[in-house]
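K.L.:
Under my numbering, the final residue of the sequence shown carries the number 315; numbering is consecutive throughout.
One structure, as structure tokens, below. Some questions next.
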Amino acid sequence: MDIDDFWRLIERSARESVDRPGREQWLIGALGALDRPDIEDFEIRLQELRDRIDDAHMWGAADVVIDGCSTDSFWYFQCWLVGQGRELFERVAADPDDLATVPDLQHLATRPYGTWTDEEWPEWESLAYVADQAYEAITGDEDALHEALTARGARIRSDPLKPDWSRPRRYPRLEALFPHRRRGTGVNPSP
């Protein structure tokens, strides 16, 4: 499975279901219909994409949105960003401040932080587990994917890398969209 195949699956899952649980089930089924090396490749492609955005600049942007983006939140945010599709991912990977153009985030900025539903949060933890679940369904072994990836020499992490916070970062559009995050007012007026 190359990167184009990976993106086709991610983007098709969005057409197949309107919510994350539905997308996950569709992905598990689609992966389960593939050969084991393709499922392994899916997991490797996901990690490669996460590696591209696993830095202080992206973490800082996520922090503006989430207002206190923990290690786990940033890890799940990375999956959410992948789940947004290739075009948006590439744009935001090039400039994290482009998160301010994402309609879902623009909508969240108009509402108090504590009122966001689980489905609205810019986090998608379970995307990280779809390949595991598909592989386990085929092999009957919950450790089989990890063992196969280790045998291939693939580096799969379960946490973000420690960021280099030494360089200043600014997000003018995100900070304008989410000004309450830094002032503590709790809600942003309509953008």
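Ideal Cβ placement from N, Cα and C applies to all residues, glycine included.
Keep in mind that this is a model prediction, so the values were computed, not measured.
Strictly under 8 Å for the Cβ-Cβ distance: is R160 near chain B by that measure?
P.N.:
In the displayed structure, chain B is absent; only one protein chain is listed.
K.L.:
For C203, which three-state DSSP category applies?
P.N.:
As a first step, residue 203 must be located in the sequence shown, where it is residue number 79. In the structure shown, the three-state DSSP call for C203 is helix.
K.L.:
Looking only at its own chain, which residues have a Cβ that is under 7 Å from the Cβ of L155, when we skip the five neighbours before and after it?
P.N.:
Within the sequence shown, numbered from 1, the residue matching residue 155 stands at position 31. Counting only Cβ-Cβ distances below 7 Å, and skipping sequence neighbours, we find I163, F166, V254, A255 and A258.
K.L.:
What is the DSSP secondary structure of V226, reduced to helix, strand or coil?
P.N.:
Indexing the sequence shown from 1 puts residue 226 at position 102. Of the three classes helix, strand and coil, the one that applies to V226 here is coil, per DSSP.
K.L.:
Return the chain-ordered list of same chain residues with a C-beta closer than 7 Å to the C-beta of A188, the five sequence neighbours on each side being excluded.
P.N.:
Residue numbering aside, residue 188 sits at position 64 when the sequence shown is read from its first letter. Looking at the sequence shown, residue 188 is not Ala but Val. Once the five neighbours on either side are set aside, the close Cβ partners of V188 are Y295, L298, E299, F302 and R305.
K.L.:
Could you tell me the distance, in whole angstroms, from the CA atom of S197 to the CA atom of E266?
P.N.:
On the sequence shown, residue 197 is found 73 positions in, with the first residue counted as 1. On the sequence shown, residue 266 is found 142 positions in, with the first residue counted as 1. Near 25 Å, if we compare the C-alpha coordinates of E266 and S197.
K.L.:
Going by beta-carbon coordinates alone, are D283 and A180 separated by less than 8 Å?
P.N.:
Against the sequence shown, residue 283 aligns to sequence position 159. Against the sequence shown, residue 180 aligns to sequence position 56. No. Outside cutoff.
K.L.:
For W289, which three-state DSSP category applies?
P.N.:
Taking the sequence shown and counting its residues from 1, the one referred to as residue 289 is at position 165. Note: W289 maps to coil in three-state DSSP.
K.L.:
Could you give the C-beta distance for L232 and W240, rounded to a whole number, given that I count them as a contact under 8 Å?
P.N.:
Locating residue 232 in the sequence shown gives position 108, where the first residue counts as 1. Locating residue 240 in the sequence shown gives position 116, where the first residue counts as 1. So it is a contact: roughly 6 Å between Cβ atoms.
K.L.:
Decide yes or no for the touch test of the region 127 to 146 against the region 193 to 211: beta carbon pairs closer than 8 Å, at least 3 of them.
P.N.:
yes
K.L.:
Using 8 Å as the threshold, is the C-beta distance between R160 and I280 below it?
P.N.:
Position 36 of the sequence shown holds residue 160. Position 156 of the sequence shown holds residue 280. The answer is no: Cβ separation not under 8 Å.
K.L.:
Our contact map puts R293 next to G184 with C-beta atoms below 8 Å; I'd like the distance itself, whole angstroms only.
P.N.:
Along the sequence shown, read from residue 1 onward, the residue named residue 293 stands at position 169. Along the sequence shown, read from residue 1 onward, the residue named residue 184 stands at position 60. Confirmed, about 4 Å.
K.L.:
For S141, which residues of its own chain have a beta-carbon under 7 Å away from its beta-carbon, when the five flanking residues on both sides are left out?
P.N.:
For this step, residue 141 is matched to residue 17 along the sequence shown. Hits under 7 Å: R147 and W150.
K.L.:
Between the Cα of A272 and those of R215, I168 and W248, spot the shortest distance and give me the residue it belongs to.
P.N.:
Walking along the sequence shown from the start, residue 272 turns up at place 148. Answer by Cα proximity: I168.
K.L.:
According to the neighbour-count rule (16 or more other Cβ atoms, all chains shown, within 10 Å of its Cβ), is D242 buried or exposed?
P.N.:
Mapped onto the sequence shown, residue 242 falls at position 118. With fewer than 16 Cβ atoms within 10 Å of its Cβ, D242 is classed as exposed.
K.L.:
Expressed to the nearest angstrom, what Euclidean distance is found between the alpha-carbon atoms of L269 and W248?
P.N.:
Along the sequence shown, one-based indexing puts residue 269 at 145. Along the sequence shown, one-based indexing puts residue 248 at 124. When rounded, the distance between both Cα atoms is 20 Å.
K.L.:
I'd like to check one pair, P246 with W204: are the Cβ atoms closer than 8 Å?
P.N.:
For this step, residue 204 is matched to residue 80 along the sequence shown. For this step, residue 246 is matched to residue 122 along the sequence shown. Their beta carbons are under 8 Å apart, which means W204 touches P246 by this criterion.
K.L.:
Please go through the same chain and pick out, in chain order, the residues whose beta-carbon is closer than 6 Å to the beta-carbon of R174, but skip the five residues on each side of it.
P.N.:
Counting from 1 along the sequence shown, the entry for residue 174 is found at position 50. Here the set comprises Q202.
K.L.:
Classify D143 as buried or exposed, calling it buried when 16 or more other Cβ atoms lie within 10 Å of its own Cβ.
P.N.:
For this step, residue 143 is matched to residue 19 along the sequence shown. Burial check for D143: the Cβ neighbour count within 10 Å stays below 16, so the residue is exposed.
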